[in-house]
Amino acid sequence: MLSSITLSLGLALLPFTLAQGDLSAANNLTDLEGTWTSNAAISTGGTFCVPAEMKFDYPTNTGMSFSFTNTGFFEEAQYRYNSNASNPSCIQAVLIWQHGTYTLEDDGSMKMTPFSSDGRVQVQDPCAATTDIITYYNEPTTMTDWGIIVDPDTGNYQLRLNRYDGAKLPYMNLIAKPPNMLPTQVLTGVNASGQTNTRKRSLTSSPLDVFKRSSAPARLSLDSNQIFGVAAVVGSVIVGSIAMI
Numbered sequence: 001m002l003s004s005i006t007l008s009l010g011l012a013l014l015p016f017t018l019a020q021g022d023l024s025a026a027n028n029l030t031d032l033e034g035t036w037t038s039n040a041a042i043s044t045g046g047t048f049c050v051p052a053e054m055k056f057d058y059p060t061n062t063g064m065s066f067s068f069t070n071t072g073f074f075e076e077a078q079y080r081y082n083s084n085a086s087n088p089s090c091i092q093a094v095l096i097w098q099h100g101t102y103t104l105e106d107d108g109s110m111k112m113t114p115f116s117s118d119g120r121v122q123v124q125d126p127c128a129a130t131t132d133i134i135t136y137y138n139e140p141t142t143m144t145d146w147g148i149i150v151d152p153d154t155g156n157y158q159l160r161l162n163r164y165d166g167a168k169l170p171y172m173n174l175i176a177k178p179p180n181m182l183p184t185q186v187l188t189g190v191n192a193s194g195q196t197n198t199r200k201r202s203l204t205s206s207p208l209d210v211f212k213r214s215s216a217p218a219r220l221s222l223d224s225n226q227i228f229g230v231a232a233v234v235g236s237v238i239v240g241s242i243a244m245i
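Written out as structure tokens, the structure reads:
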């Protein structure tokens with residue numbers, strides 16, 4: 001009896017730990033939940049990207065933002081410049097948006113899996129033949145580790161992410177909890193039920209093509225009731241003409 005009590009007390013004194021892959025709030029995910037940004041000018045959600053319209057709303061400054069839910073969904077927004085060493089005047093402006101699901105692995109890493117039909121990227125290149133291109137974007141990402149600290153300068157929570165290639169992403173501060181996000185579901189293409197959410201527009205055609213009208217004169221289009229009505233009128237005219245002969 002005494003040994004069983006001793007064992008129970010010993011177990012109760014052991015530190016309570018959870019696997020890193022556990023997505024419950026007890027695994028510190030409550031701290032990860034929210035919208036994080038490296039610059040207040042850029043944030044997920046809102047109008048940064050409207051994937052169904054293939055459109056970005058340019059922020060006033062560069063930066064990146066990530067949002068996470070405590071149910072395993074993420075959203076990413078980036079606005080950055082790519083320099084050109086051979087031609088400094090040919091600086092590219094790149095906007096990236098995607099969302100999907102994420103998992104926290106037992107080795108401390110984080111894996112993000114985007115919804116493949118929803119991601120968008122826009123590149124502005126003043127030295128390219130086409131200076132403003134927007135296409136689909138799908139880049140699964142692994143963060144080797146992540147952590148949240150309290151910024152000693154601001155007192156705010158700060159998220160730090162280290163990418164799979166060793167690159168350290170800019171520190172991001174918590175700006176919203178719960179997070180600012182677009183709906184955490186497939187927004188374009190075919191959803192889980194097999195229904196088409198939004199028809200994809202050809203990337204080779206101009207957006208103005210959607211609103212073009214043919215310059216040919218309009219054709220007369222009649223339904224079956226109108227056809228019978230016209231036939232009856234014509235028949236009456238013919239009969240009346242015969243009666244007058």
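Residue 232 in the numbering used here sits at position 232 of the sequence shown, and the numbers go up by one each step. We put the CB at the ideal spot given by N, CA and C, even for glycine. No experiment lies behind these values; they were computed from the predicted model shown.
- With contact defined as three or more Cβ pairs closer than 8 Å, the region 80-92 and the region 41-55 are not in contact.
- If you look at D145, you'll find it in the beta strand (DSSP E) that goes 141-150.
- Pairing I91 with Q185, the inter-Cα distance amounts to about 34 Å.
- Selection R160, G155, E53 evaluated against I148 yields R160 as nearest (Cα-Cα).
- Boundaries of the alpha helix (DSSP H) harbouring L32: 29-32, taken from the DSSP string.
- DSSP, read as helix, strand or coil, puts A85 in coil.
- Per the DSSP secondary-structure output, P114 pairs in a beta bridge with G100.
- Remark: C-beta atoms of T144 and N162 approach each other more closely than 8 Å.
- In this structure, G100 sits near F74, with a CB-CB distance shorter than 8 Å.
- With a cutoff of 8 Å on beta-carbon distance, Y137 and G155 are scored as not near each other.
- Sequence-distant Cβ neighbours of S89 in its own chain, meaning closer than 8 Å and more than five residues away, are P126, C127.
- Separation of R80 and N180 (C-alpha to C-alpha, rounded to the nearest whole angstrom) is 21 Å.
- Contact between L182 and M64 fails: their C-beta atoms lie close to 16 Å from each other, not under 8 Å.
- The alpha-carbon of A93 is positioned some 18 Å away from that of V50.
- The beta carbon of K111 is closer than 6 Å to those of T103, T142 in its chain, skipping five residues each way along the sequence.
- In terms of CA proximity to S109, D165 leads the group L174, T47, I133, D165.
- Of all alpha-carbon atoms in E76, W97, D107, the one lying nearest the alpha-carbon of W146 is that of D107.
- Counting along the chain, the unbroken beta strand (DSSP E) around D132 starts and ends at 132-136.
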